[in-house]
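Engineer: Right, I'll just put the structure down here and ask away after.
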Amino acid sequence: MASGKELYENNKEKLKKLLDETSEEFQFADFWGNLASIKKHREFNEDTKEYVEKYVDKLRPMREELVNNLEKYTEQAMKSIEKTDAKAYLAQTNEEAQKLFLQEMGDERILYKSKSADAKEMGILDACKKKGIEIIETDLGDVLVQLFEYELPSYQLAPGVHFHPSQIAKKIKEKYNVDVDPNGPAIGSFFRKRYRPKILNANISLTSANAVAADDGSIVLVENEGNISLLTRLPPKHIVITSISKIVPTVYDALLQVNMQERWNTLIGSYISFIRGPSSTNDVYGQKVIGMYGTQEIVVILVDDWRTKAVKENSFLKEFLHCISCKACNYVCTASRAVGNIYASKMGLGAYGIIKDYIHNGIESAVKNGLFLCTSCENCKNFCPVQVDLPKIMRELKKIAVSKNLTPPPLETYLQNIKTKNNPFK
Ligand code: SF4
Ligand code: SF4
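In structure tokens, the structure reads:
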């Protein structure tokens, strides 16, 4: 394990990149600071404002009901999904989820995907790459990230949003030798022409879910681009991989959750899909035939991993299960707005990304990715539509880091001063 000093020096090196205006870190931080400043004021239009004010107080009680009865709702969701003629698996670990996913891929060597932060986090994409499966991104943000071979953490809701249109047009010229005007419509049109025919020929698609309704097994997905609608209707097989914390008690709760995920970000998507099993018909003599014009097979892999354990042990991570993954806390985060994606992990910006990093990669990785850059300002908790106590979770992580001798040297000095002189600054 690295020492607190080594990790501190590593963070300092990363922070130096912010002084270089040509660095990718500077570009991201500069963009993020501006975007977050606009978003944090939540300039809701009248419809959005009315919805948010009317329903936001229902969100925390709904999430508490789920978290306090997680096993019950997981069991109910599994049964409900099976009733929709979809196949349902409950994977106890990420590794089990990877095996199930590869089993469901069979001999297919191309995977089309969208909205798959869960799949990335659970190691599904890495497992596919190891098996030589080609992964075709369809979400434009992910397509841009892939185009730029961008390895740094991005904003999960729009991972390529910081690339300037002139940079994108230049990259398209470099990679495809096509001249595209450096503006949104021209770039959108280029990718539409390129990806639409591919999606139409896909055999297997992968998505995550914004919510899963325990009472009727609906898989709920929100989007703007239309790629998810196509990917969940056209390929013969659709695999959904998501965590049990996406389950909500009822289909009405699912609508509440997805609406709040969007509107808290001042966004309203073009499509909300409620998917209850594969396509079918009863038109031939009243017989149910599965697989009419839409998808013929749906497989849902719900992943537990650390979640029911956190509830049973009442650990500090239980609080994190209330999160609806709207990512809006990043707009108000003091650290994120100052240093952009230096305070982040591959799983996301800010506290959200650091906590996920701790869960999957351990405390050393969380410190390396900037745990101690959190200022404990509590802006994230105050802004969160579910009042998730991220600062408390971060304090617990800092305690673990200190117990493992990963304290940054300046804080270690304060600690020693408190112990020996009753004053951190002497
Ligand atoms: S913790 Fe952040 S991502 Fe989770 S619900 Fe709250 S604002 Fe959204
Ligand atoms: S408490 Fe930490 S994670 Fe939350 S807003 Fe402040 S700096 Fe960001």
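Note that the numbering used here has the sequence shown beginning at 2, numbered continuously upward.
C-beta: ideal position from N, C-alpha, C; glycine also.
1. Run the CB neighbour count on Ile343, radius 10 Å, all protein chains shown included, and call it buried at 16 or more, exposed below.
2. Hey, quick one: how far does the alpha helix (DSSP H) through Glu135 stretch, first residue to last?
3. Check whether the Cβ of Gly351 lies closer than 8 Å to any heavy atom of ligand 2, and answer yes or no.
4. Please state the DSSP three-state secondary structure of Leu318.
5. Tell me which residue opens and which closes the beta strand (DSSP E) that Lys88 is part of.
6. Can you name, in chain order, every residue of its own chain whose Cβ lies under 6 Å from the Cβ of Ala87, other than the five neighbours on each side?
7. Helix, strand or coil for Ser206 per DSSP?
8. What are the boundary residues of the beta strand (DSSP E) that includes Gln288?
9. Ligand 2 and Thr379: does the residue's C-beta get closer than 8 Å to at least one heavy atom of that ligand?
10. Just how far apart, CA to CA, sit Cys129 and Lys420?
11. Tell me whether Lys400, by its Cβ, gets closer than 8 Å to a heavy atom of ligand 2.
12. Should Thr414 be counted as a contact of ligand 3 given a C-beta to heavy atom distance under 8 Å?
13. Between Lys6 and the rest of its own chain, which residues show a CB-CB distance below 6 Å, the 5 nearest in sequence each way excluded?
14. What do you get for Arg264, buried or exposed, if any count of 16 or more other CB atoms within 10 angstroms of its CB means buried?
15. Taking 7 Å as the limit between beta carbons, can you name the residues of its chain near Arg234, skipping five residues before and five after?
16. Is any heavy atom of ligand 2 found at a distance shorter than 8 Å from the C-beta of Ser337?
17. Quick one: grab the DSSP three-state call for Asn423.
18. Quick one, which of Leu148, Pro154, Ala212 and Thr243 has its alpha-carbon nearest Tyr177's?
19. Taking the alpha carbon of Lys319 as the reference point, which residue from Lys328, Thr309 and Ile325 has its own alpha carbon closest?
20. Might you give, ordered along the chain, the residues of its own chain that have their beta carbon closer than 7 Å to the beta carbon of Asp140, omitting 5 neighbours on each side?
21. From what residue to what residue does the beta strand (DSSP E) around Tyr151 run?
22. Output needed for Gln157: all residues of its chain with C-beta closer than 6 Å, excluding positions within five of it in sequence on either side, in chain order.
23. Runs of 4 residues minimum, wholly inside the stretch 238-325: which ones carry the alpha helix (DSSP H) assignment?
24. I'd like to know whether the C-beta atoms of Ala37 and Val333 end up nearer to each other than 9 Å.
25. Assign Ser115 to one of three DSSP states: helix, strand, or coil.
26. Looking at C-alpha atoms only, which residue of Arg338, Val389, Gln388 and Thr376 is the closest neighbour of Gly34?
27. Where does Ser81 land, buried or exposed, given buried means 16+ other C-beta within 10 angstroms?
28. Taking its Cβ as the centre, do 16 or more other Cβ atoms sit within 10 Å of Gln258, making it buried, or is it exposed?
29. Following a CB-centred definition, is Val387 positioned closer than 8 Å to any heavy atom of ligand 2?
30. Using 10 angstroms around the beta-carbon of Met2, count the other beta-carbons present and answer buried if the total reaches 16, otherwise exposed.
31. Do the CB positions of Ser206 and Val213 come within less than 9 Å of each other?
32. In its own chain, which residues sit with a C-beta less than 7 Å from the C-beta of Lys84, not counting the 5 before and 5 after it?
33. Compute the beta-carbon to beta-carbon distance between Ala215 and Ala78, rounded to the nearest angstrom, for a pair I have assumed lies under 8 Å.
34. Which one or two residues does DSSP pair with Ile220 in a beta bridge?
35. Nearest-angstrom Cα distance between Thr49 and Asn260?
Structural biologist: So, from the data block:
1. What you label residue 343 is simply residue 342 of the sequence shown in a count that begins at 1. With 16 or more other Cβ atoms within 10 Å, it is buried.
2. For the purposes of this step, residue 135 is taken as the residue at position 134 of the sequence shown. First-last for Glu135: Glu135 to Glu138, but that is the beta strand (DSSP E), not the alpha helix (DSSP H).
3. Taking the first residue of the sequence shown as position 1, residue 351 is located at position 350. The answer is yes for Gly351.
4. On the sequence shown, residue 318 is found 317 positions in, with the first residue counted as 1. Looking at Leu318 - three-state DSSP - the assignment turns out to be helix.
5. Taking the first residue of the sequence shown as 1, we reach residue 88 at position 87. DSSP places Lys88 in the uninterrupted beta strand (DSSP E) bounded by Lys88 to Ala92.
6. Here the question's residue 87 lines up with position 86 in the sequence shown. Excluding residues within five positions, the ones whose Cβ falls inside 6 Å are Gly278, Ile299 and Val301.
7. By 1-based counting over the sequence shown, the position of residue 206 is 205. Reduced to three states, the DSSP call for Ser206 is strand.
8. If you number the sequence shown from 1, residue 288 lands on position 287. Boundaries of the beta strand (DSSP E) harbouring Gln288: Gln288 to Ile291, taken from the DSSP string.
9. Here the question's residue 379 lines up with position 378 in the sequence shown. Contrary to the premise, residue 379 reads as Glu rather than Thr in this sequence. Yes, the Cβ of Glu379 comes within 8 Å of a heavy atom of ligand 2.
10. Counted from its first residue, the sequence shown places residue 129 at position 128. Counted from its first residue, the sequence shown places residue 420 at position 419. Note on geometry: alpha-carbon atoms of Cys129 and Lys420 lie some 51 Å from one another.
11. As a position in the sequence shown, residue 400 is number 399, starting the count at 1. Because no heavy atom of ligand 2 lies under 8 Å away, the Cβ of Lys400 does not count as near it: no.
12. With respect to small molecules bound, the structure shown includes ligand 1 and ligand 2 and not ligand 3.
13. Locating residue 6 in the sequence shown gives position 5, where the first residue counts as 1. So the qualifying residues of the chain are Pro410.
14. As a position in the sequence shown, residue 264 is number 263, starting the count at 1. Buried.
15. Numbered from its first residue, the sequence shown carries residue 234 at position 233. The answer, listed in chain order, is Gly295 and Thr296.
16. As a working mapping, residue 337 is identified with position 336 in the sequence shown. For Ser337, the shortest C-beta to heavy atom distance toward ligand 2 is below 8 Å.
17. If you number the sequence shown from 1, residue 423 lands on position 422. In the structure shown, Asn423 sits in coil (DSSP, three-state: anything other than H, G, I, E or B).
18. The count along the sequence shown starts at 1 and reaches residue 177 at position 176. Checking every option, the nearest Cα to that of Tyr177 belongs to Leu148.
19. Position 318 of the sequence shown, counted from the first residue, corresponds to residue 319. In terms of CA proximity to Lys319, Thr309 leads the group Lys328, Thr309 and Ile325.
20. Against the sequence shown, residue 140 aligns to sequence position 139. Scanning its chain for C-beta atoms nearer than 7 Å, with the 5 sequence neighbours on each side dropped, one finds around Asp140 the residues Ser115, Lys116, Glu226 and Asn228, in chain order.
21. Counting from 1 along the sequence shown, the entry for residue 151 is found at position 150. Premise fails: Tyr151 is in no beta strand (DSSP E) and is neither H nor E.
22. The sequence position of residue 157 within the sequence shown is 156, counting from 1. Same-chain partners within the cutoff: Ala118, Lys328 and Gly349.
23. Here the runs fully enclosed are 252-264 and 308-313.
24. Position 36 of the sequence shown holds residue 37. Position 332 of the sequence shown holds residue 333. Yes; because the gap between Cβ atoms is below 9 Å, this pair is in contact.
25. Indexing the sequence shown from 1 puts residue 115 at position 114. When DSSP states are grouped into helix, strand and coil, Ser115 belongs to the strand group.
26. Here residue 34 is taken as the residue at index 33 of the sequence shown, counted from 1. Comparing Cα-Cα distances from Gly34 to each of Arg338, Val389, Gln388 and Thr376, the minimum goes to Arg338.
27. Position 80 of the sequence shown, counted from the first residue, corresponds to residue 81. Counting Cβ neighbours within 10 Å, Ser81 comes out buried, since at least 16 surround it.
28. As a position in the sequence shown, residue 258 is number 257, starting the count at 1. Buried, because 16 or more other Cβ atoms sit within 10 Å of the Cβ of Gln258.
29. If you number the sequence shown from 1, residue 387 lands on position 386. Within the chosen limit of 8 Å, ligand 2 does not reach the beta carbon of Val387 with any heavy atom.
30. As a working mapping, residue 2 is identified with position 1 in the sequence shown. Counting Cβ neighbours within 10 Å, Met2 comes out exposed, since fewer than 16 surround it.
31. In the sequence shown, the residue the question calls residue 206 occupies position 205. In the sequence shown, the residue the question calls residue 213 occupies position 212. Their beta carbons are not under 9 Å apart, which means Ser206 does not touch Val213 by this criterion.
32. The count along the sequence shown starts at 1 and reaches residue 84 at position 83. Its chain contains Gly218 as the residues whose beta carbon lies nearer than 7 Å to that of Lys84, once the 5 sequence neighbours on both sides are disregarded; these appear in chain order.
33. Along the sequence shown, read from residue 1 onward, the residue named residue 215 stands at position 214. Along the sequence shown, read from residue 1 onward, the residue named residue 78 stands at position 77. 4 Å between Cβ atoms; contact.
34. Position 219 of the sequence shown holds residue 220. Looking at the DSSP assignment, Ile220 forms a beta bridge with Val213 and Ile276.
35. Taking the sequence shown and counting its residues from 1, one reaches residue 49 at position 48. Taking the sequence shown and counting its residues from 1, one reaches residue 260 at position 259. Taking the straight line from one Cα to the other gives about 9 Å.
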